[in-house]
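Read the structure below first, then the notes.
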Amino acid sequence: MFSLTMLGSGSAGNSALVATDHCKILIDGGLSARQIVLRLEQCGVVAEQLDGVLLTHEHGDHVCGLEVLCRKFDLPIYANAQTAEAVRYDGALDRHRNWRIFRTGAEFKICDVLVQTFPVPHDAVDPVGFAFYAGARGLGFITDLGYATKMIVERLRQVHTLVIETNHDEKLLQSDTHRPWPVKQRIQSRHGHLSNNAAATVIEELLPGKIDRVVLGHLSRDCNTPGLALQTVREALSKCGKIDIELFCATQSDISPRFRIGETELGAFQPTFENAFFPAA
């Protein structure tokens, strides 16, 4: 079984679990190490089982729990060279030796999962998105990007489940009194974050295709709500005649159901330790 579980997603921290019967991959470590361990346990996974941590970029809401987590469990960290250097420079993980450096745009395997990497436009040193494949089933993962390039759209055409950022509602961001104008400009820039409408446009570009599920993530705590994000995307899909695509909005405080990639019904939690574990090569 090939699955995705969102451990938490939002302004304050982001982490997700991609799993097969023989592989467990953590995407980002933006929750506290304690929360990551606890939420993994809710999925029936212990941290020692992880075959690696994949980093999208170096911002704190994606790496803040890594230092403690990797010091305790000595997990391999997969990152491109600039992201690894940025994380080390900040003082976190400066003594960690278990790095697996990849070139942005490369593809490689972690156990039985094929990982494709590609650049995304965001205000980080070398941010990336991912497409994961286990057999014929595909999962796309893009958070923290200002817009979707043509290359990104092409890389995601074969995925069945897409995780995509819906960071803000444009009206709520404009009316927010706590953010100065330069911050609002950065968020809305081509190296900032996707709005609900922008994400809906990206999803429309992937139609027709194999996509049968969309998971919305990285919502702003102050400038968005799950209801607004879901409504915007649902209306866009309805206009395209695609009412059969499953939609889910990930939250900061709770883990998601376990989504079985290539199946459109929500997978129920069935914690188990029966699966064999094969360490990464």
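Per our numbering, the sequence shown starts with residue 968, numbered consecutively. All residues carry an ideal CB built from backbone N, CA and C; glycine is no exception. This structure is a prediction, so every number in the text was calculated from the model and none was measured.
- Kindly indicate the opening and closing residues of the alpha helix (DSSP H) around residue 1002. 1000-1009
- Task: Starting from the N-terminal side, write out each stretch of the alpha helix (DSSP H) that is 4 residues or longer and does not extend beyond the region 1139-1203.
- Result: 1148-1155, 1163-1172
- Would you decide whether residue 991 is buried or exposed? Buried here means 16 or more other CB atoms lie within 10 Å of its CB. buried
- For residue 1015, which residues of its own chain have a beta-carbon under 7 Å away from its beta-carbon, when the five flanking residues on both sides are left out? 1040
- Message: Just list the residues that DSSP pairs residue 1060 with in beta bridges.
- Response: Answer is none; residue 1060 lacks a bridge partner.
- Item | Straight-line Cα distance separating residue 1229 from residue 1104 | 6 Å
- Message: Just to confirm the assignment: which complete alpha helix (DSSP H) runs, minimum length 4, are found wholly within the region 1074-1127?
- Response: 1117-1122
- Residues bridged to residue 1068 (per DSSP): 1046
- Which of helix, strand or coil DSSP assigns to residue 1019: strand
- Message: Using C-beta distances below 7 Å, list every residue in its chain close to residue 1171, excluding the 5 sequence neighbours before and after it, in chain order.
- Response: 1203, 1207
- Classify residue 1239 as buried or exposed, calling it buried when 16 or more other Cβ atoms lie within 10 Å of its own Cβ. Unreliable positioning characterises residue 1239 in this predicted model, as indicated by a pLDDT of 40, which lies under 50. The coordinate reading is nonetheless provided below. Label assigned to residue 1239: exposed.
- Task: Consult DSSP for residue 1039 and reduce its assignment to one of helix, strand or coil.
- Result: helix
- Report the residue from 1038, 1012, 999, 1215 whose alpha carbon sits nearest the alpha carbon of residue 1129. 1215
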